[in-house]
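Sequential numbering from 382 applies to the sequence shown in our numbering. The beta carbon of each residue, even a glycine, is placed where N, CA and C say it ideally should be. Being a predicted model, the structure only gives us computed values, none of them experimental. One structure is given here, and the rest of the page talks about it.
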Amino acid sequence: MDQLRRSDPDEFWIEGFGDDLRHISPYRFFSAAHWAEFRAGTPMTLSEEEVRRLRSLGDPVSLDEVARVYLSLSRLLSAHVEATQSLFHQRSRFLNLDAAKTPFIIGIAGSVAVGKSTTARILKELLARWPSSPKVDLVTTDGFLLPNAVLEERGLMERKGFPESFDVAEVLRFLSAIKAGEESVTAPVYSHLRYDVIPGENVRVDRPDILIFEGINVLQTRDLPEDGKVVPFVSDFFDFSIYIDANEGDTERWYVDRFMSLRKTAFTNPESFFHRYSQISDEEALERAQYLWNRINLVNLRQNILPTRPRADLILRKGADHLVQQVALRKL
Numbered sequence: 382m383d384q385l386r387r388s389d390p391d392e393f394w395i396e397g398f399g400d401d402l403r404h405i406s407p408y409r410f411f412s413a414a415h416w417a418e419f420r421a422g423t424p425m426t427l428s429e430e431e432v433r434r435l436r437s438l439g440d441p442v443s444l445d446e447v448a449r450v451y452l453s454l455s456r457l458l459s460a461h462v463e464a465t466q467s468l469f470h471q472r473s474r475f476l477n478l479d480a481a482k483t484p485f486i487i488g489i490a491g492s493v494a495v496g497k498s499t500t501a502r503i504l505k506e507l508l509a510r511w512p513s514s515p516k517v518d519l520v521t522t523d524g525f526l527l528p529n530a531v532l533e534e535r536g537l538m539e540r541k542g543f544p545e546s547f548d549v550a551e552v553l554r555f556l557s558a559i560k561a562g563e564e565s566v567t568a569p570v571y572s573h574l575r576y577d578v579i580p581g582e583n584v585r586v587d588r589p590d591i592l593i594f595e596g597i598n599v600l601q602t603r604d605l606p607e608d609g610k611v612v613p614f615v616s617d618f619f620d621f622s623i624y625i626d627a628n629e630g631d632t633e634r635w636y637v638d639r640f641m642s643l644r645k646t647a648f649t650n651p652e653s654f655f656h657r658y659s660q661i662s663d664e665e666a667l668e669r670a671q672y673l674w675n676r677i678n679l680v681n682l683r684q685n686i687l688p689t690r691p692r693a694d695l696i697l698r699k700g701a702d703h704l705v706q707q708v709a710l711r712k713l
């Protein structure tokens, strides 16, 4: 675990090996400037105003960052989607099947406050504006959290976001139905205002060409069942996976800054689950934010999220300014 906690960029890329062993890494590594060159002729299809609308609170991503990082990523994903579709058609001919193609699923993982939601929303818009105009849907794992009442009954409220706080069976049902090509697959809806799943409310996903599935633990594995039953992992359904990475200290700072900003915005709503934090002093709020980070989010990051980083197809490593500095792409 100590190896995973290191924050030096070289340790991230080499994962503890010396320079002479770097060539055996399963990834190819690029600076953001080098990565930007792979954009080639990919056109910019977003405006500065649209980027401002898509980014989360405290995330400084701009049109320049989209051009520098996300257009190259969009081009790469386009190549993967085309290759997958080609393989699908070849296999259908081989098996003499007349089956409809299934959605291409992209999984996005990473710590809280690291920028997963912003990345997911920007990619959704970029991918939907490809010349082929694919239908792109975005679903987050928040809706698959167990209701607060259940978490309280099980003593898990302070482990919300940990693997055991999710309805994994429902996640697998949802992704299985999507990959089976079913129409109108439903996913539960989460309210960040209420900090809870909304009973009886669902979002419908109707055979998209591409589905982006975003959440902190989507790349996680678990112990194999002793009874020999075959249980898939969530990531088994992904055609491509992305991990958003950053130094622990930077992620903590972003989390605390966001918490303090929300005290003056969303938390002021009397219906907000966290409304009480808008009524206390800055010192008390800062202490609470740091407690939540250290007691819950940091533990989850170290135990459950960061260890899944090596399973991603692509890693976006952010710097202290919240912008992508380095990119790691898994070798084929």
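Item: Within the chosen definition, does the stretch 604 to 624 reach the stretch 580 to 590 through at least 3 CB pairs nearer than 8 Å?; Value: no
Item: Using the Cβ count rule (16 or more neighbours within 10 Å means buried), how would you classify N678?; Value: buried
Item: Taking only three categories from DSSP, how would you classify F640?; Value: helix
Item: Does DSSP put S653 in a helix, in a strand, or in coil?; Value: coil
Item: What residue does the beta strand (DSSP E) around Y672 start on, and which one ends it?; Value: It is not in any beta strand (DSSP E) - Y672 instead sits in the alpha helix (DSSP H) that spans D663 to L673.
Item: Taking 8 Å as the threshold, find out whether the stretch 457 to 468 comes into contact with the stretch 561 to 572 through three or more Cβ pairs.; Value: no
Item: Can you look up S459 in the DSSP assignment and give me helix, strand or coil?; Value: helix
Item: Helix or strand or just coil, what does DSSP make of K516?; Value: coil
Item: Which runs of the beta strand (DSSP E) at least 3 residues long sit entirely within the stretch 406 to 448? Give them in chain order.; Value: 408 to 412
Item: Below 6 Å CB to CB, which residues in the same chain sit around E704 once its five sequence neighbours on both sides are set aside?; Value: Looking at the sequence provided, one finds Leu at residue 704 rather than Glu. So the list reads E446, once near-sequence residues are dropped.
Item: Determine the direct distance from the alpha carbon of N477 to that of F543, and round the result to whole angstroms.; Value: 44 Å
Item: Are the CB atoms of I487 and I623 within a distance shorter than 9 Å?; Value: yes
Item: Check whether the Cβ atoms of L526 and S546 sit closer than 9 Å, and answer yes or no.; Value: yes
Item: Out of E431, I489 and A413, which has the shortest C-alpha to C-alpha gap to R364?; Value: No information on residue 364 is available, as it lies outside the stretch 382 to 713 that the chain covers here.
Item: Of all the alpha helix (DSSP H) runs that stay within the bounds of the stretch 526 to 583, which reach a length of 4 or more residues?; Value: 529 to 534 and 549 to 560
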